[in-house]
Amino acid sequence: MYLRCNFALAYGLCIDEQLLKDLHGKKKQESEIQKELDNLKDSLTFEKQNLEMAAYDYDKFKSLCNEKDAELQVALTKKQNLEMQFSNLNSQSLKKHISKELVQANNQVLQKFQEELKACPMLRTAEGIKRRLLTEKASLEKN
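When we follow the working numbering, the leftmost residue of the sequence shown carries the number 887, and every step to the right adds one.
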């Protein structure tokens, strides 16, 4: 009988020790998963901020392009008016004067085109960043 009790006590202690080890392992695993979750939350917050900044830059570049487009339309209208004035003039001296104005107007239009061409890659870059961040955000939110 004494032997049975010792065996039962020893067996019970072994089970208790194993359960404590399992519990400790589970708590450690839970702690690691919580840390990983916290890191993912921080990463998501950071990516949301990046997305907001990209959206702001996108809107800024889009409004800048719209503004430049409006200026370009005004310049093109001015150029067309000068061309019509030029075609209506009969005097050679006036034609020379108007042609100088037309050349200047053409140069201004060309310069505006060049400025817009410089702004377009920045807009495309901002759009690319925005798309990438939206994809990353969706991926992080799925996880």
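No residue lacks a Cβ here, since even glycine has one placed at the ideal position from N, Cα and C. This structure is a prediction, so every number in the text was calculated from the model and none was measured.
So, does the stretch 931-939 touch the stretch 952-967, judging by three or more C-beta pairs under 8 Å? Segments in contact, no.
Closest by C-alpha distance to E953, when choosing among A1005, T1021, N925: The residue you call residue 953 lines up with position 67 of the sequence shown. Measuring from the Cα of E953, the nearest candidate turns out to be A1005.
Measuring CB to CB, does D908 end up less than 8 Å from A1012? In the sequence shown, the residue the question calls residue 908 occupies position 22. In the sequence shown, the residue the question calls residue 1012 occupies position 126. In this structure, D908 sits away from A1012, with a CB-CB distance that is not shorter than 8 Å.
Can you list, in chain order, the stretches of the alpha helix (DSSP H) that have 4 or more residues and sit fully within the stretch 927-992? If we require 4 residues or more, the stretch 927-992 turns out to have no alpha helix (DSSP H) run fully inside it.
With distances taken Cα to Cα, identify the nearest neighbour of R1010 among S917, D928, E903, C951. Residue numbering aside, residue 1010 sits at position 124 when the sequence shown is read from its first letter. Closest option to R1010, Cα to Cα, is C951.
If contacts are defined as beta-carbon pairs under 8 Å, then E1002 and L958 qualify, I think. What distance do you get, rounded to the angstrom? As a position in the sequence shown, residue 1002 is number 116, starting the count at 1. As a position in the sequence shown, residue 958 is number 72, starting the count at 1. By a beta-carbon distance limit of 8 Å, E1002 contacts L958. Their separation comes to about 7 Å.
Can you give the beta carbon distance from E1022 to E922, rounded, assuming they're within the 8 Å contact cut? For this step, residue 1022 is matched to residue 136 along the sequence shown. For this step, residue 922 is matched to residue 36 along the sequence shown. 17 Å between Cβ atoms; not a contact.
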